[in-house]
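K.L.:
Numbering (this note's numbering), first residue to last: 21 to 394.
1. What does a CB cutoff of less than 8 angstroms around residue 151 pick up in its chain, not counting 5 residues either side in sequence?
2. So, at 7 angstroms on beta carbons, what are the nonlocal neighbours of residue 46 in its own chain, with the 5 sequence-adjacent residues on each side left out?
3. Is it the case that the region 120-135 contacts the region 190-203, given that we only count it when at least three CB pairs across the two stretches are under 8 angstroms?
4. Residue 147 to residue 87, Cα distance in whole Å?
5. Note down the Cα distance separating residue 119 from residue 51, rounded to an integer number of angstroms.
6. Tell me whether residue 364 sits in a helix, a strand or coil according to DSSP, three-state version.
7. Is it the case that the region 303-322 contacts the region 266-280, given that we only count it when at least three CB pairs across the two stretches are under 8 angstroms?
8. Put residue 46 into one of helix, strand or coil per three-state DSSP.
9. With distances taken from CA atoms, which of 301, 373, 386 is nearest residue 315?
10. What are the boundary residues of the alpha helix (DSSP H) that residue 196 is part of?
11. Is it the case that the region 269-288 contacts the region 246-259, given that we only count it when at least three CB pairs across the two stretches are under 8 angstroms?
12. On the CB-based measure, 16 or more other CB atoms within 10 Å of its CB, does residue 364 come out buried or exposed?
13. Give the DSSP-derived three-state secondary structure of residue 166 in the structure shown.
14. Considering only the alpha carbon of each residue, which of 234, 261, 130, 229 lies closest to residue 167?
15. Tell me whether residue 375 sits in a helix, a strand or coil according to DSSP, three-state version.
16. Apart from the five residues on each side of it in sequence, which residues of its chain come closer than 7 angstroms, Cβ to Cβ, to residue 105?
17. I need the DSSP call for residue 27, collapsed to helix, strand or coil.
18. Looking only at its own chain, which residues have a Cβ that is under 6 angstroms from the Cβ of residue 349, when we skip the five neighbours before and after it?
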């Protein structure tokens, strides 16, 4: 029976007695630094392999337990978007997080799935540590307060330009509307003032290590024979959430715009300022992201041939943000490749783990160990 996935996780767990009668329904209750969660998980039954389906159901239930505890700090939509990363964390990094669990009931549910209901003891401080390890180096939160002639700008011109330029450069950018929906006005103001604690909280909330905050305003300048002018002022700061350090900042004053009407003049001033501000912002961010590049060794066991080794090399080279994939030698016992990557290793491991040919055995900052599955 295939128990590899469950066996690795079981090392972190402690056997417990049967569940007491009258146990609570799904949810979590806090006991000091531990959350006791009752959760359900499901696994698909393929080729009558009940054991594998059971393993997957238990892993799914453990993931749901961690998500419930993590949801106190992390935005729910962010968890959904990073589902593959959470799954990879469950499979490889639960030691010390789930202190213990027990199966309350289990069995096939008649629709081709296996259901497992668990009670899990999840350590809150350990979840905090794991969440910090998920914070993406290449994910960015953008929150720019914008007013035109003293009135809030419904469609942020400067903010929109910041987002568009970052997306064009290939970064993951949170929808600003989602950020405004989740963040309190006071949090955004605290970020603009360089509050380190606020930066860490917001970074964790969206699993993003870079936050671009700022303000854009306009004032009427003059009306010259029906041609109205206005000028814009823009300030932007890129803050590293982990440290609260200001990576780069932009400050523009007296950027003018002209139109027949005041509002239109203000919008043109904002548009002109947005272009200039974004050029300066990109110049400041480029060396920051460049410093994130590092070499990662990839070790793959069981590659059956040199052709399959080169196929693996091509697969890694196609992954987002991966560059300079180099051969280190093929051998059936262990083949080596190396590559350059700027993001947390977990993100690359999660992507590789979705490929049926490979199983992720372990990883750290500079290494990934895989098993080839024909």
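Every residue gets a Cβ at the ideal spot worked out from N, C-alpha and C, and that includes glycine. Fair warning: this is a prediction, and the values are worked out from it, not measured in the lab.
P.N.:
The relevant details are as follows:
1. Here residue 151 is taken as the residue at index 131 of the chain shown, counted from 1. Excluding sequence neighbours, residue 151 sits near 90, 93, 94, 224, 227.
2. Taking the chain shown and counting its residues from 1, one reaches residue 46 at position 26. Residue confidence for residue 46 is low, a pLDDT of 48 falling below 50, so the modelled location carries little weight and cannot support an answer.
3. no
4. Along the chain shown, read from residue 1 onward, the residue named residue 147 stands at position 127. Along the chain shown, read from residue 1 onward, the residue named residue 87 stands at position 67. Going by the C-alpha atoms only, they are around 9 angstroms apart.
5. Against the chain shown, residue 119 aligns to sequence position 99. Against the chain shown, residue 51 aligns to sequence position 31. Approximately 13 angstroms between the Cα atoms of the pair.
6. Taking the chain shown and counting its residues from 1, the one referred to as residue 364 is at position 344. Here residue 364 sits in coil by DSSP.
7. yes
8. If you number the chain shown from 1, residue 46 lands on position 26. Confidence is the limiting factor: at residue 46 the pLDDT is only 48, short of 50, which leaves the residue's position unreliable and the question unanswerable from this model.
9. The count along the chain shown starts at 1 and reaches residue 315 at position 295. Answer by Cα proximity: 386.
10. If you number the chain shown from 1, residue 196 lands on position 176. Element bounds for residue 196: 196-202.
11. yes
12. Your numbering for residue 364 matches position 344 in the chain shown. Buried, by the Cβ-count rule.
13. To locate residue 166, count along the chain shown from 1; it is residue 146. If DSSP states are grouped into helix, strand and coil, residue 166 belongs with the strands.
14. Within the chain shown, residue 167 is the residue found at index 147, counting from 1. Nearest option by C-alpha distance: 234.
15. Along the chain shown, one-based indexing puts residue 375 at 355. Of the three classes helix, strand and coil, the one that applies to residue 375 here is coil, per DSSP.
16. Working through the chain shown from its first residue, we reach residue 105 at position 85. 154, 366, 367, 370, listed in sequence order.
17. Here the question's residue 27 lines up with position 7 in the chain shown. With a pLDDT of only 35 at residue 27, under the threshold of 50, the placement of this residue in the model should not be trusted, and no figure is reported.
18. Within the chain shown, residue 349 is the residue found at index 329, counting from 1. Correct list, in chain order: 356.
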